[in-house]
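**Q**
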Amino acid sequence: MNATPKQYSRVATAMGFSPMAKANLAEVHRIATRFGAEMFVFHVGEWTEKCQKTYESFLSELGIDSDTITLKSKAGDPKVELLSLCSENDIDLLALGALMRENMFKVFSASIARDVCRKAKVSLLLLTHSSIMEEPCERIVVNGLDHPKTPDTIATAVWAGNKLGSSELIVVDELSEKSIARADDDMSTLQRIRQSRQLEKKEHNRIESVLGLCTGGCSMDISEQHVYGKKGYTIAHYAKAKKADLLVVNSPDTKLGLLDRIFKHDLEYILADLPTDVLIVHTTKTTAHA
Amino acid sequence: MHKPKNGFKGFVENWQSDLKAGFVVSLVALPISIALSLASGAPAIAGLIAAVIGGILVAHLGGSYVTITGPGNGLAVVTLAAITTLGGGDMLAGYYMALGAIVVSGILLFILGTVRLGVLADLFPTSAVQGMLAAIGIIILAKQSHVMIGTLNPENSSPIPLLVEFFSSLETLVWADAAQLRSAIVGVGSLLFLIGFSQIRARWMHAIPAPLWVVVLAVLTQIIGTNVTGESFFGPKYLVNIPADWMSAWRLPDFSGIQTGTFWGAAISLTFIASIESLLSIKGMDRLDPYKRKSNVNKDLRALGIATAVSGMLGGLSVVTVIARSSVNVSNGAKTRSANFFHGALILIFVLFLREVLTQIPLPALAAILVFTGYKLLNPSQFSKIAQIGLEQLFLFFFTLFATLVYGLIMGIVFGMAATLVIQVIITGAGAEILRYFNRPNTLLFEEEENKYILNINYFANFLNYPRLKSKLDSIPTSAEVIADFSNTSFVDATVMEHLTGYVESFEQHGGSLELVGLDTLAPASSHPLGVQSKSTRGSNVFQLRTSDTRLSGKQEKLSNFAVLEGLEYTPWPDPIWDEKVNQFHYFRHRRIDQTMNLLEDRSSKLMAIEVVTHVGEFTMRDSQHLACVVLQPEGVKLPKFTLDRERIFERISYLAGVQDIELGSGVFDKRFNLKGRDEHAIREFFSPGCLAYLASNPVFHMESNGEALLIFHKERAASVSEFKLMVNFAREFANRIGAKS
Chain X
6 MNATPKQYSR VATAMGFSPM AKANLAEVHR IATRFGAEMF VFHVGEWTEK
56 CQKTYESFLS ELGIDSDTIT LKSKAGDPKV ELLSLCSEND IDLLALGALM
106 RENMFKVFSA SIARDVCRKA KVSLLLLTHS SIMEEPCERI VVNGLDHPKT
156 PDTIATAVWA GNKLGSSELI VVDELSEKSI ARADDDMSTL QRIRQSRQLE
206 KKEHNRIESV LGLCTGGCSM DISEQHVYGK KGYTIAHYAK AKKADLLVVN
256 SPDTKLGLLD RIFKHDLEYI LADLPTDVLI VHTTKTTAHA
Chain S
501 MHKPKNGFKG FVENWQSDLK AGFVVSLVAL PISIALSLAS GAPAIAGLIA
551 AVIGGILVAH LGGSYVTITG PGNGLAVVTL AAITTLGGGD MLAGYYMALG
601 AIVVSGILLF ILGTVRLGVL ADLFPTSAVQ GMLAAIGIII LAKQSHVMIG
651 TLNPENSSPI PLLVEFFSSL ETLVWADAAQ LRSAIVGVGS LLFLIGFSQI
701 RARWMHAIPA PLWVVVLAVL TQIIGTNVTG ESFFGPKYLV NIPADWMSAW
751 RLPDFSGIQT GTFWGAAISL TFIASIESLL SIKGMDRLDP YKRKSNVNKD
801 LRALGIATAV SGMLGGLSVV TVIARSSVNV SNGAKTRSAN FFHGALILIF
851 VLFLREVLTQ IPLPALAAIL VFTGYKLLNP SQFSKIAQIG LEQLFLFFFT
901 LFATLVYGLI MGIVFGMAAT LVIQVIITGA GAEILRYFNR PNTLLFEEEE
951 NKYILNINYF ANFLNYPRLK SKLDSIPTSA EVIADFSNTS FVDATVMEHL
1001 TGYVESFEQH GGSLELVGLD TLAPASSHPL GVQSKSTRGS NVFQLRTSDT
1051 RLSGKQEKLS NFAVLEGLEY TPWPDPIWDE KVNQFHYFRH RRIDQTMNLL
1101 EDRSSKLMAI EVVTHVGEFT MRDSQHLACV VLQPEGVKLP KFTLDRERIF
1151 ERISYLAGVQ DIELGSGVFD KRFNLKGRDE HAIREFFSPG CLAYLASNPV
1201 FHMESNGEAL LIFHKERAAS VSEFKLMVNF AREFANRIGA KS
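Top line first, the protein sequences correspond to chains X and S.
To convert a position in the first sequence, counted from 1, into my numbering, add 5.
To convert a position in the second sequence, counted from 1, into my numbering, add 500.
1) Would DSSP call I611/S helix, strand or coil?
2) Do you know how far the Cα of L90/X is from the Cα of I1212/S?
3) Provide the residue(s) that pair with S1060/S in DSSP beta bridges, ordered along the chain.
4) Quick test of your reading: K235/X and P967/S, contact by CB under 8 Å. State the CB separation rounded to the nearest angstrom.
5) Looking at T943/S and N956/S, is the spacing between their C-beta atoms short of 9 Å?
6) Closest to Y565/S by C-alpha separation, out of A678/S, F1085/S and R793/S, would be which residue?
7) Quick one: residues in its chain with C-beta nearer than 7 Å to the C-beta of P141/X, no 5 flanking neighbours on either side, listed in chain order?
8) Along chain S, which residues have their Cβ under 7 Å away from the Cβ of K248/X?
9) Any C-beta of chain X within less than 8 Å: which residues of the segment 554-581 of chain S qualify?
10) Please report the distance separating the alpha-carbon of A529/S from that of V922/S.
11) Does the beta carbon of F946/S sit closer than 9 Å to a beta carbon anywhere in chain X?
12) Cα separation between S1048/S and W1073/S?
13) Buried or exposed: where does G570/S fall if 16 or more other Cβ atoms within 10 Å of its Cβ makes it buried?
14) Does the segment 677-686 of chain S come within contact of the segment 822-829 of chain S, defined as at least 3 CB pairs closer than 8 Å?
15) Answer with buried or exposed for Q699/S, where buried requires no fewer than 16 other C-beta atoms within 10 angstroms of its C-beta.
16) Counting contacts by CB-CB distance shorter than 9 Å, is Q203/X in contact with chain S?
17) Is the beta carbon of N840/S less than 9 Å from the beta carbon of A559/S?
18) Rounded to whole angstroms, what's the CA-CA distance from G606/S to Q516/S? Just pull it up for me.
19) Can you check whether the C-beta of K235/X is within less than 9 Å of a C-beta belonging to chain S?
20) If we count the other Cβ atoms within 10 Å of its Cβ and call it buried at 16 or more, is R703/S buried or exposed?
21) Residues of chain S with a CB under 7 Å from the CB of A188/X: which are they?
22) Between the Cα of P531/S and the Cα atoms of L878/S, V830/S, Q630/S and F850/S, which residue gives the shortest distance?
23) What in chain S is Cβ-close to Q230/X, meaning under 8 Å?
24) Taking W746/S as the reference, which of I549/S, P654/S, G631/S and R1172/S has the closest Cα?
25) What runs of the alpha helix (DSSP H), each 4 residues or longer, lie entirely inside the segment 650-716 of chain S?
26) Which bits of chain X does R793/S rub up against, with CB to CB less than 8 Å?
27) Can you find a CB in chain S that lies within less than 9 Å of the CB of L195/X?
28) Which word fits P504/S, buried or exposed, when buried means at least 16 other C-beta atoms lie within 10 angstroms of its C-beta?
29) Rank R1172/S, T1143/S and V1168/S by C-alpha distance to the C-alpha of I1183/S and give the top, closest one.
30) Is DSSP giving L848/S helix, strand or coil here?
31) With contact counted as at least three CB pairs below 8 Å, one residue from each stretch, are the segment 860-876 of chain S and the segment 640-647 of chain S in contact?
32) Does DSSP put R1038/S in a helix, in a strand, or in coil?
33) Is L720/S buried or exposed, if buried means 16 or more other CB atoms sit within 10 Å of its CB?
34) Once you ignore the five residues that flank K799/S on each side, which residues in its own chain have a CB closer than 6 Å to its CB?
35) Between H209/X and chain S, is the shortest Cβ-Cβ distance under 9 Å, so that the two count as touching?
36) Using a C-beta cutoff of 9 Å, does H34/X count as contacting chain S?
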């Protein structure tokens, strides 16, 4: 087992002209600077004079030097073109502004951001709290699942946390309710507690060994939390309850389709109700399929 | 308290007290079982078989401790309906077909228990269940009031026409024969006796339960009357009929209808009502159990399923857990399941040896017992209690009641659920939210510290998603400390509040605690603590300021009591001016204050404790947070600017970026806290050794000083009352320590 952090060096964002566009631009630029990465701005559709004007006024208001950003524009279907722009430019992190909750009447025609996360082959950063003023990213929650992708994900969280100047990293270990006894009466409740202590000890050892691989030079306080519940949902709710500033998760093992949205599982729970900024770490490990 | 042992050891240890309790219960159960067979339209022996089988089998297989099993009230109504519809007028044929349905329902109950669907009974809104139970009471009462006055076969069968027909039954008394008149007198007399029984002072009277008194007196009347008049006093028509050869007359249930919809309708109704009646009773008994044991609901359901199937095969009614007999059991000192066994065994002995006496019981006396039972199920005194929770709850209660009377039990509860949902949508305006989230997980439970749990609830909490909340609550040992945080919910309904109150009680009984926080921002729709609590009842703006006349939540009342005890001034909804007091701290720079509440103020020492709701972000992206904190303005002390914390909460404060931790040379303190500030000299002066010792020996509180005042808080979330107290006491003592030094 080894853990290689994704060291993002080419960060892209999609430029729309939504009310949040300016804040998103500011946010992504800050992140790219912190990461020491090259920044790209993609636009799908016709790049008109008006677009150019608005874009320039954004940059000047935000005090960003336009030379530091590569702007690419392409006409066509947003989802398809955005992904092709990513692969053409060797992008390793795509940052998108996303709505915190998907609109219920759009369940079958999701926003571009949501659609892209289903098909993306790059790591994705979904921004929910973009702002023009800098807000520190203090608390990071990362998944600690027993999965081949996890070491890379945690390593990436550590790397990003160091770059963003975060102070706290919580490794959340989601455990299935089914892995321990059900509490039906006094006896089984005691049994459940005993089993959960044993399981948590085992999980603690596993997470310790993963952390041993990837926390060299980490300046953050690292803690772990075991939570029982539905995978995906639980970590999202935890991040919300703990007021985390960033949630880092594994990329999905399969492409997510319509059925996955109706019968929600794993990542779908997070996407349906983003608790905070979410980083989906795309790993190309050959062992990625558990 | 020493808990009784389980199994054979427990039997040896407690058999005497259990035998005594079982004996008293069997005396109550005997007349009631016969009466319920009568109400079910089945032969008298059917209810007795259910009691015997229920007692003997469930005592061995069940998962509860002091419950009594046997024929049940709700089941009587369903069984009668099943016998009538399946038999198509022929009651005897219908009885055998209903037995088939009972066997099938036993199997279904067993399956429900196996797949752990015991939680289903909690899915129904409280008011709807209450309405359904009251309707069952009316249905029993409507039918039996006729029998009580000597009309054995009223023309109608549906409850409302039956009630109307009562007056024509009364008229028949005018030209009634002697037997009917005598029956009517015994019936009405029995009812009056039952009503007045609780008023009787003589203690020896209460040594025997009321139903048994009624039966004993009625049987005595029959025997003496027969001797005096020389003929059967009431006539065979009005007496219980248990044929001498009842054992050899046994035959297999009739499964011929198993392909028909009516058969399955009957079987499903029986299963449904049996599980609801049993689960409600088990839950009620867990609260009454003197040893506070927690029943294994699913195991009990499986046992009831087996007992029902066996009882049905033998010609008996469905076996359910019954609350009235169970509470008699507890009040007579039952300790283990053996009491239920003794109750069953003793009834078997009574039937075998006292058959002659049992056949002398006049039906009208039994009908009187049923009328009284029906009235108690209706329980008109509960109307005002329900109305206090909310008028909408009273509406739902009556809606379900009438729907049940008109359309039957299953449709009644379905209508009740639908109406509850509609009313909730109207009150809260959260229709879209309910539709979207009702089938998604909404609870998070984690152990924050050893034996200290945080339960966070998302979206909303109502009867639809209550099973999820319940399963989380059930998985926590009741001796633990739990904080249930509702600050992320938009509304909590009366059903959930009712269940939660039960849990709060249960945790307290077992030495733990369950505190509900985050409900303060939800305005109750009524002045009752169990009423629907919703954010949107005050219009679309969630963060609208509340007016002073709104009712206080449970937590606020506790805080207000605390304030009186501690000589503090309490304002639940302080003026927005207070926002400024809080806003002066750097901690709040990145957050916007929406509301302040629960202000506790100590004018003399310039201390105030307050809860603040803040948010970050804009419109759709905003994210709110509760924080309980203390603001302290110590007099005569020069405050340096600093921050003190453990979780690096204050790193958000940019003016301190890059400043190193100040080590004060006190091991414990330096290890626990991060202390930061520019003026290191003044800070070292400020933290005297006494001050450090105090900080090191207390839970970690976070502090920010802006040079004029101190901000102190514990956790970055809504605080429970005990946490509030802890915080205020900490701040007061801390103020003394720094004051003393100067």
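Every residue, glycine too, gets a C-beta built ideally from N, C-alpha and C.
If you're wondering where the values come from, they're calculated on a predicted model, not measured in any experiment.
**A** Walking through what the data contain:
1) I611/S falls in the helix class under three-state DSSP.
2) Distance between the alpha carbons of I1212/S and L90/X: 51 Å.
3) Paired residue(s): none; S1060/S is not in a bridge.
4) Rounded to whole angstroms, the Cβ separation of K235/X and P967/S is 14 Å, and the two are not in contact under 8 Å.
5) Their beta carbons are under 9 Å apart, which means N956/S touches T943/S by this criterion.
6) The candidate whose alpha carbon is nearest that of Y565/S is R793/S.
7) The answer, listed in chain order, is G170.
8) Under the 7 Å cutoff, chain S gives Q1125 and E1216.
9) Residues passing the 8 Å Cβ filter: G563.
10) Roughly 41 Å separates the two Cα atoms.
11) Yes, its Cβ sits closer than 9 Å to a Cβ of chain X.
12) Reliability of the predicted coordinates at S1048/S is poor, the pLDDT of 42 falling under 50, and the value obtained from them is presented with this limitation in mind. In a straight line, the C-alpha of S1048/S is about 6 Å away from that of W1073/S.
13) Burial call: buried.
14) Contact check between the segment 677-686 of chain S and the segment 822-829 of chain S: fewer than three CB pairs, one atom from each, fall below 8 Å, which does not count as touching.
15) Q699/S should be labelled exposed.
16) For Q203/X, the closest Cβ of chain S is not nearer than 9 Å.
17) Yes, they are a contact pair.
18) Using only the alpha carbons, I get a separation of about 32 Å.
19) For K235/X, the answer is yes, since a Cβ of chain S falls inside 9 Å of its Cβ.
20) Result: exposed.
21) Those are D974 and S975, listed as they occur along chain S.
22) Considering only alpha carbons, the answer is F850/S.
23) Under the 8 Å cutoff, chain S gives F946.
24) The candidate whose alpha carbon is nearest that of W746/S is I549/S.
25) Listed in chain order, the complete alpha helix (DSSP H) runs (minimum 4 residues) inside the segment 650-716 of chain S are 659-672 and 678-697.
26) Going along chain X in sequence order, the residues near R793/S (Cβ under 8 Å) are D190 and D191.
27) It does; some Cβ of chain S falls within 9 Å.
28) Buried: at least 16 other Cβ atoms inside 10 Å.
29) Of the candidates R1172/S, T1143/S and V1168/S, the one whose C-alpha sits nearest the C-alpha of I1183/S is T1143/S.
30) Under the three-state reduction of DSSP, L848/S is assigned to helix.
31) Contact holds: three or more Cβ-Cβ distances are below 8 Å.
32) Here the model assigns R1038/S a pLDDT of 33, short of 50, so the residue's position is not dependable, and the following value carries that caveat. Look at R1038/S here: in three-state DSSP terms it is helix.
33) Per the 10 Å Cβ criterion, exposed.
34) G563, listed in sequence order.
35) Closer than 9 Å: no.
36) At a cut-off of 9 Å between beta carbons, H34/X makes no contact with chain S.
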